[in-house]
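The block underneath contains the structure these notes are about, expressed in structure tokens.
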Amino acid sequence: MCCSQGSEGRSSIGRRLAAVAAGVVATALMLGCSRAMGTVANAQEGDSPVAASQEGNGNKHFMVYYRAWRDVTMKGVNTDLPDDNWISMYDIPYGIDVVNVFSYVPSGQEAAAQPFYDKLKSDYAPYLHARGIKLVRGLDYSGVMVDGFKTWIAQQGKNVDSATESDYDAYADHVIETYMTSVGLDGLDIDMETFPDAAQVAISDQVITALAKRIGPKSDNPEGTMFLYDTNGSYTAPFKNVSDCFDYVAYQQYGSDSNRTAKAAATYEQFIDSTKFVPGLTFPEEGDMNNRWNDATEPYLDSHFYDVASYSYDHNLGGMFVYALDRDGRTYSDDDLAHIKPSNLIWTKTAIAQSQGMSLENAKQAANHFLDRMSYTKDVPAETRQTVAAATNLYEVNKAVLGADWNDGYSNTYDPTLELSLTSIDTMALTGAIAKADALLADGATDTDVRTTLTTARNAAVTGLTSKLYTGADVVSWTASLNTAIADATGGKPKPQQPGTGETDKPSSGDASHNKPQSATGRLASTGSDGTVVLSVAVIMTLAGISVFAVRRRG
């Protein structure tokens, strides 16, 4: 991976994420599967990226290179800056299906780096796996595929000329254990940025072939492992003989527009399908005094991010990737180059949506849904609503909520892909119950004990509804608890009520278009779908181990 640093590359939370991922299958089913309905599916829990349902348009990947030395658990490693790291793997946006753990640990700093690798194996990896994300690790082509084998075979008392297939198999096992399974990862990424000669290619071909028996599309576990090839050029000698060993090619085209994408894709399409070609862009790295890529610059429609994301979607490429996720939004200004600063990840979140075909209509629906539910705990400025309504592209919608930078908008953490999936969960009965509870509490007619119980149930419902994510089962549970508290407060019995049958925000009877984005905003206007169906499908899909994220195609 080209850039300035290095060459190498909760149980309850897991259950909730698995349920959410399954619930998103219901989103896909309710939004519809035909091209006329315009859905796009993205791999999540239970799906491998290769098997993801992408209607008539290949398999859309979105990968991020996660710079491990900037994780909150890795302090003082590979840096001379005084600023604290801010990012963790819990901050990785939804819609991403591959995280490339990119790491460089200078000699003597191994102990300071170890907390990250411990956290990666024990916590981060299980969390991301529950979201359906695969984790790979970047390896230098020359250092591991060629020179690494030479060193290893010499340690066995042999040389390259006498090496057998069994030797290459043993070395492959060594590489996988050293770089992958020891830290809980799912695959490897070969970073090729040199021009190896024929003798070097002969070695790497055999190393890659041996690795491909164990990971990637030719292995015995193609759904659970991944093998990638990433490069910044069109020198194909190290690739052409082993092209079928890889899940896809990640092409580093930093500082370039879609004209370069088209040329490079044509070169690699001699060996792979276009759906296995994934172009990538970068953010400015701290301390980089040489490169000036300028991929993420306003105005958005003139940026490389918009151009390449749109080209990838329109030309049925394999998706997109970004390098240096934690530097999203940074520039080449002296201040940015000299500091580590938090980010709302607006460019990455927009690129995910753009490259996977989210429509402007659905982007606005997601934004308004988020503002509706957050309004229970934080007032929404009228200007924010107006800016969402007036937006003419995905970036403008996201900027209306997130702001251009950290602490510049309504929310630092809004995630449009996640939010669009939540719009499929019917909250009508819950919001109706909250409104009833608020009216009773405002009336003040109930005694103190009953008010306390009602307040507790009401606040629990609001806390859940305004959390980052929730499931259909969560909504049903909060609704039942709150209705019980309301019944106690009014001296009546709670009536069984299915989501979608509340007294507020009822969809018009016979409205066949109730799944379409709503033009009016308010307290979580429901899609009108039956939450029981959502929950049932979610349970079935969870048991089957299948799930996808669904968003609408661009109009």
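Heads up: the sequence shown begins at 1 in UniProt numbering, then just goes up one per residue.
All C-beta atoms in this analysis are idealised placements derived from N, C-alpha and C, irrespective of residue type, glycine included.
Here the structure is a predicted model, which is why all the values come from computation and not from measurement.
Limits of the beta strand (DSSP E) - the one that residue i falls within
i	result
L135	K134 to D140
G319	G319 to Y323
beta-carbon residue i near the ligand ATP non-hydrogen atom, thresh 7 Å
i	result
I352	No copy of the ligand ATP appears in this structure; indeed no ligand is present at all.
Alpha carbon of residue i to alpha carbon of residue j, nearest angstrom
i	j	result
P222	D186	10 Å
K121	L454	42 Å
N85	Y248	31 Å
T151	S477	60 Å
D326	S343	7 Å
L128	D118	15 Å
S348	T456	Note on residue identity: the sequence assigns Thr, not Ser, to residue 348. One C-alpha to the other measures close to 38 Å.
V175	T413	37 Å
S355	D443	50 Å
V105	A113	7 Å
I272	D438	59 Å
G280	K436	50 Å
A538	N78	At A538, the pLDDT of 39 sits below 50, so the modelled position is not reliable; the number obtained from the coordinates is stated separately. Taking the straight line from one Cα to the other gives about 44 Å.
F195	T427	57 Å
D334	I346	21 Å
V144	V380	53 Å
P416	I215	32 Å
R260	D80	35 Å
A520	S204	With a pLDDT of only 40 at A520, under the threshold of 50, the placement of this residue in the model should not be trusted; the figure read from the coordinates follows. The straight-line gap from Cα to Cα measures roughly 59 Å.
G23	M89	Bear in mind that a pLDDT of 40 at G23, under 50, signals an unreliable position, so the model cannot answer this.
D288	D336	10 Å
F370	A111	42 Å
K75	E361	42 Å
I167	I153	Strictly speaking, residue 167 in this sequence is Asp, with Ile absent from that position. So the two alpha carbons sit approximately 8 Å from each other.
G319	G233	18 Å
A125	E177	16 Å
G148	N241	20 Å
Identity of the residues DSSP links to residue i by a beta bridge
i	result
M226	G187
F62	M320
residue 556	What the structure shows of the chain is the stretch from 1 to 555, and residue 556 is not part of that stretch, so it cannot be assessed.
M180	Answer is none; M180 lacks a bridge partner.
M192	T231
V249	Y229 and F277
Under 8 Å between C-beta atoms of residue i and residue j
i	j	result
E286	I352	no
I486	A433	yes
A324	T384	no
Y141	V101	no
V98	I133	yes
A210	S219	no
Y395	V401	no
L430	R458	no
V462	Y376	yes
V64	I96	yes
I87	D71	yes
Y306	G357	no
A489	L418	no
V322	D257	no
Range of the contiguous alpha helix (DSSP H) that encloses residue i
i	result
R451	T448 to L465
T348	I346 to S355
T395	In the sequence under discussion, the amino acid at residue 395 is Tyr, which differs from the Thr named in the question. Unbroken alpha helix (DSSP H) run through Y395: L394 to L402.
D147	D147 to Q155
Y127	A125 to A130
S243	That residue, S243, is in no alpha helix (DSSP H); it is neither H nor E in DSSP.
V207	A198 to A212
D335	D334 to L337
W406	It is not in any alpha helix (DSSP H) - W406 carries neither H nor E in the DSSP assignment.
A487	G472 to T490
Whole runs of the beta strand (DSSP E) within the stretch 78-110, excluding any shorter than 3 residues: 98-102
Inside the stretch 251-316 only - alpha helix (DSSP H) runs reaching at least 4 residues: 258-268 and 304-314
Please specify which runs of the alpha helix (DSSP H), each continuous and at least 4 residues long, are wholly inside the stretch 358-395, giving them in chain order. Secondary structure remark: continuous alpha helix (DSSP H) runs of at least 4 residues inside the stretch 358-395, in chain order: 360-374 and 382-390.
Ranges of the alpha helix (DSSP H) found wholly within the stretch 422-450, counting only runs of at least 4: 428-443
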